[in-house]
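Down below is the structure, laid out as structure tokens.
In the working numbering, the protein residues as written are 187 to 516.
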């Protein structure tokens, strides 16, 4: 496994991030533990989750699965850089109540303590805001965060799904307060087929020294050889991938992508991950394996070197917006 610094921090993290959203809803606890064992054995030390994972009446279940894995041995927790998120409403379904979601100081305090209990740990390495909260000023958010850092409950703070201007606003206010070092990472939707983050989010992250953690690196399976699987009778596309393939021009684009990689003998999913690892400012993509086999495929991407010919062809098939602000200014 290869490692890099998380943004401007001294924290070393793996170039692949283990996403755990499938733990519980699609992967049972035993298989989830086996995947975490395999990830750690392969050198992946950055595990990402969120308090709402498990979803619906099972919100929090994913954190519980991870906590039970930590409880198996102290070395598990010691080796892992643990990231979780706060924002979503954690009240029981049908029992919504004010101040049980978003980023008010009271909810941040409540959410941290609940996550620590589920995760069976006394600290979180990277505590992430899952979304922007338009109603809560950053002065209040940072005051709550400073307290948690002083208490030793969290070490670093990251964002997720933030626009560029919110990354700037958050870190400028942090700097003026002179407390926390501010955001150190941003999780955003970014992949070959969805490159809008290059317009503002990634430039802002680079300017303020944030590591960028792309989620959905395969665009919901779209970049994982979906047409090939469809033809061979394998798992059919669903959700965002199926909607995209329903458009003839988009389907032709994905077909060109798969044809290119077939010509070079490269697996599509591995190429999509390897491409992200070549991009400026990228710490590492989040991979969310449902099975050990999917984890093995992701691991191969770290060692895959894409030729200039392949990289140029990928840019031709999936052209990005261009540099900011020239892409939209002149």
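For each residue, glycine too, the CB sits at the ideal point set by N, CA and C.
Exercise. Relative to the C-alpha of residue 352, which residue among 305, 464 and 316 is closest?
Worked result: Here residue 352 corresponds to residue number 166 of the chain shown, with the count starting at 1. Nearest of 305, 464 and 316 to residue 352, Cα basis: 316.
Exercise. In three-state DSSP terms, what is residue 255?
Worked result: Along the chain shown, read from residue 1 onward, the residue named residue 255 stands at position 69. The answer is helix: DSSP assigns residue 255 an H, G or I state.
For this session: Starting from residue 531, follow the beta strand (DSSP E) in both directions and report where the run begins and ends.
Result: Limits of the chain in this structure are 187 at one end and 516 at the other, which puts residue 531 out of reach.
Exercise. First and last residue of the beta strand (DSSP E) that includes residue 266?
Worked result: In the chain shown, the residue the question calls residue 266 occupies position 80. Careful: residue 266 lies outside any beta strand (DSSP E) and carries neither H nor E.
For this session: State buried or exposed for residue 516, treating a residue as buried only when at least 16 other CB atoms are found within 10 Å of its CB.
Result: Within the chain shown, residue 516 is the residue found at index 330, counting from 1. Residue 516 comes out exposed.
Problem set entry | Contained beta strand (DSSP E) runs [length at least 3] in the stretch 280-352, N- to C-terminal order | 310-315 and 340-346
For this session: Compute the Euclidean distance between the alpha carbons of residue 407 and residue 482, then round it to the nearest angstrom.
Result: If you number the chain shown from 1, residue 407 lands on position 221. If you number the chain shown from 1, residue 482 lands on position 296. Rounded to whole angstroms, residue 407 to residue 482 spans 16 Å at the Cα level.
For this session: Let me know the secondary structure DSSP gives residue 499 once reduced to three states.
Result: Start at 1 with the first residue of the chain shown, and residue 499 comes out as number 313. Note: residue 499 maps to helix in three-state DSSP.
Exercise. Roughly how many angstroms separate the alpha carbons of residue 295 and residue 367, rounded to a whole number?
Worked result: In the chain shown, the residue the question calls residue 295 occupies position 109. In the chain shown, the residue the question calls residue 367 occupies position 181. Between residue 295 and residue 367, the C-alpha separation is close to 19 Å.
For this session: Please list, in chain order, all residues of the same chain as residue 293 whose beta carbon is under 8 Å from its beta carbon, the five residues on each side excluded.
Result: Mapped onto the chain shown, residue 293 falls at position 107. Hits under 8 Å: 272, 285, 286 and 287.
Problem set entry | Every unbroken beta strand (DSSP E) inside the stretch 377-406 [3 residues or more] | 397-401
Exercise. For the alpha helix (DSSP H) that contains residue 447, what are its first and last residues?
Worked result: Along the chain shown, one-based indexing puts residue 447 at 261. Residue 447 -> alpha helix (DSSP H) spans 434-450.
Exercise. Does the Cβ-Cβ distance between residue 248 and residue 257 come in under 9 Å?
Worked result: The count along the chain shown starts at 1 and reaches residue 248 at position 62. The count along the chain shown starts at 1 and reaches residue 257 at position 71. For residue 248 and residue 257, no; Cβs fall outside 9 Å.
For this session: State yes or no: is the C-beta of residue 300 nearer than 8 Å to some heavy atom of the ligand FAD?
Result: In the structure on display, the ligand FAD does not appear, and there are no ligands present to speak of.
Exercise. Mind checking whether residue 409 and residue 378 have CB atoms under 9 Å apart?
Worked result: Working through the chain shown from its first residue, we reach residue 409 at position 223. Working through the chain shown from its first residue, we reach residue 378 at position 192. Going by C-beta atoms, residue 409 is nearer than 9 Å to residue 378.
Exercise. Three-state secondary structure (DSSP) at residue 367?
Worked result: What you label residue 367 is simply residue 181 of the chain shown in a count that begins at 1. Coil at residue 367, not helix or strand.
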